[in-house]
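Asks:
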Ligand code: GBE
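Numbering (the numbering used here), first residue to last: 4 to 519.
1. Does residue 230 come out as helix, strand or coil in the three-state DSSP assignment?
2. Using a Cβ-Cβ cut-off of 8 Å, state whether residue 60 counts as contacting chain C.
3. So does residue 413 have its beta carbon nearer than 7 Å to some heavy atom of the ligand GBE?
4. Locate the beta strand (DSSP E) running through residue 148, then write down its first and last residues.
5. Pick out whichever of 402, 434, 510 has its Cα sitting closest to the Cα of residue 345.
6. Restricting to Cα atoms, I'd like to know which of 68, 232, 200, 193 is closest to residue 324.
7. Secondary structure at residue 291, three-state DSSP: helix, strand or coil?
8. With DSSP run on the structure shown, which of helix, strand or coil describes residue 508?
9. Regarding residue 470 and the ligand GBE, is the C-beta to nearest heavy atom distance less than 7 Å?
10. By how many angstroms is the C-alpha of residue 57 removed from the C-alpha of residue 351?
11. So, helix, strand or coil for residue 341, using DSSP?
12. Go through its chain and collect everything with a Cβ distance to residue 396's Cβ below 7 Å, but skip five positions before and after it.
13. Can you give the Cα-Cα distance for residue 157 and residue 175, rounded to whole angstroms?
14. Name the two residues that bound the continuous beta strand (DSSP E) containing residue 71.
15. For residue 108 versus residue 139, is the C-beta spacing smaller than 8 Å?
16. So what does residue 112 bridge to, in DSSP terms?
17. Does the Cβ-Cβ distance between residue 427 and residue 457 come in under 8 Å?
18. Is residue 385 near the ligand GBE, in the sense that its beta carbon is under 7 Å from a heavy atom of that ligand?
19. Using DSSP bridges, identify the partner residues of residue 452.
20. Please confirm whether residue 192 and residue 159 have their CB atoms less than 8 Å apart.
21. Can you tell me whether residue 228 is buried or exposed? The criterion is at least 16 other CB atoms within 10 Å of its CB, across all chains shown.
22. Please classify residue 500 as buried or exposed, where buried requires at least 16 neighbouring CB atoms within 10 angstroms.
23. How about the stretch 397 to 407 and the stretch 307 to 318: do they share at least three Cβ pairs that are nearer than 8 Å?
24. In this structure, does DSSP put residue 63 in helix, strand or coil?
25. Do residue 277 and residue 266 have their C-beta atoms closer together than 8 Å?
26. Is the separation between the beta-carbon of residue 331 and that of residue 237 shorter than 8 Å?
27. Does DSSP put residue 169 in a helix, a strand or coil?
28. Less than 7 Å separating the Cβ of residue 52 from some heavy atom of the ligand GBE?
29. Cβ atoms of residue 269 and residue 368: under 8 Å apart, would you say?
30. Is residue 364 near the ligand GBE, with its Cβ less than 7 Å from a heavy atom?
31. How far does the alpha helix (DSSP H) with residue 195 in it reach, from first residue to last?
32. What's the C-alpha gap between residue 502 and residue 436?
33. Residue range of the beta strand (DSSP E) that residue 484 falls in?
34. Tell me the DSSP secondary structure of residue 497 in three-state form.
35. I want to check one thing, is the minimum distance from the CB of residue 452 to the heavy atoms of the ligand GBE below 7 Å?
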């Protein structure tokens, strides 16, 4: 709280910050821009956020079941994912919506404990496997490709009791799980994502209280998690590469969340701070995989080691990779999966000295950040509309990591509900426009995924913040899904493979145009 207060004062002191080569989109709005040949469009969800059926047909408890049941009102509206969107029973309607939108693919995640109730491979839960088989087969019937995330935050509770991502054995356990799902679904699934958002898993879940398991062991558990998670990701990649790629012929990679950190001023100090904020925020996960040298960023290693020594630790709180581990992790992603939502300014001066809890990764970084009052906001406090940040981030990924193929695996906007979601439409148009700018600049972006197909359980925010192209009625036991205005707009973008700002949808009837 104290630090937030300081930052707010700072924003006032700093006064108006110049707009950063904010490309005005006004001129653009009169032209129709086309997406490149072969570009793919989809939408995404995640198992705990939509499936429900939390204890049905043999599924075992995961950390979100556990958190929401043991501390219900840690969630904003005291809700949980017990039923969520009931997608476990309504997958046919889900696929119908994908067809309405004309999607090329759909990104969803697998629930580990639905497939492996003991967490291990000694028992495979047939009913859980059937659910995913049905969903996949229903999609393929209409030529919608599955893009499957193995881990979107629902750690088996039993493995969490053993330390979760902080237990080095997780590399074996996760690897075994990965092999099982490649065997079960890899004949039909050609796009795999090992992990969704390492930062949210490690920094928020282990270093803070904003995600399960809410460990809040700052500057220690978050770093241990980072190392083990990267090794586990690499294990899954190598298993796929060595045992499945030849026969199944798919791609496999990781999805990392990143905002863009813009220096608050031209000063060297702020520029360095912004660069380091990116390294602490997502470079810690990206560099070991995507850089030529591999390993954690050296600035990070130096800073955490120095701070640790100062604090009386006998070794760095950031665990080291052995040279063999560096090699094992390096190059283990066929694409750069990127979840991006928003951006902010970063600065460093005497005002940030000593304001962070110590030890913590925020303290190791020692930088402040803020957003501008005048930025358009969503219903989520952290999500401001900053399309130029998306552009700059994509260019940075191209420059820092030798222009990897980029899959945008999430991008979207929250409201408080309602079908007239002009804020969401405007967000999608601006961000897609910024993405097209980046592509024109040579960025190899190939895939775009809107978060989300439909409203869902928004983690600590429960059902209060809505990200869906379709609205879900949680008062209705049938969890009726209704297309929002943005669903019609996205459908037209996918159909025309172009961005036309003048398009005004007729929102009376949603049709299916896939010829079936
Ligand atoms: C993604 O995370 C998730 O993959 C998806 O499951 C989720 O539904 C979707 O975005 C929408 O949130 O109290 O302000 O510090 C931190 C996006 C804000 C990553 C920032 C929220 C990163 C999640 C909370 N985080 N963001 S606080």
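Every residue gets a Cβ at the ideal spot worked out from N, C-alpha and C, and that includes glycine.
Replies: Taking the structure as given:
1. helix
2. Among the chains in the structure shown there is no chain C, since it carries only a single protein chain.
3. yes
4. 148 to 154
5. 434
6. 232
7. helix
8. coil
9. yes
10. 45 Å
11. strand
12. 261, 263, 343
13. 17 Å
14. That residue, residue 71, is in no beta strand (DSSP E); its alpha helix (DSSP H) goes 66 to 73.
15. no
16. 152
17. no
18. yes
19. 45
20. no
21. buried
22. exposed
23. no
24. coil
25. yes
26. yes
27. helix
28. yes
29. no
30. no
31. Counting along the chain, residue 195 falls outside any alpha helix (DSSP H), though it belongs to the beta strand (DSSP E) covering 194 to 199.
32. 8 Å
33. 484 to 486
34. helix
35. no
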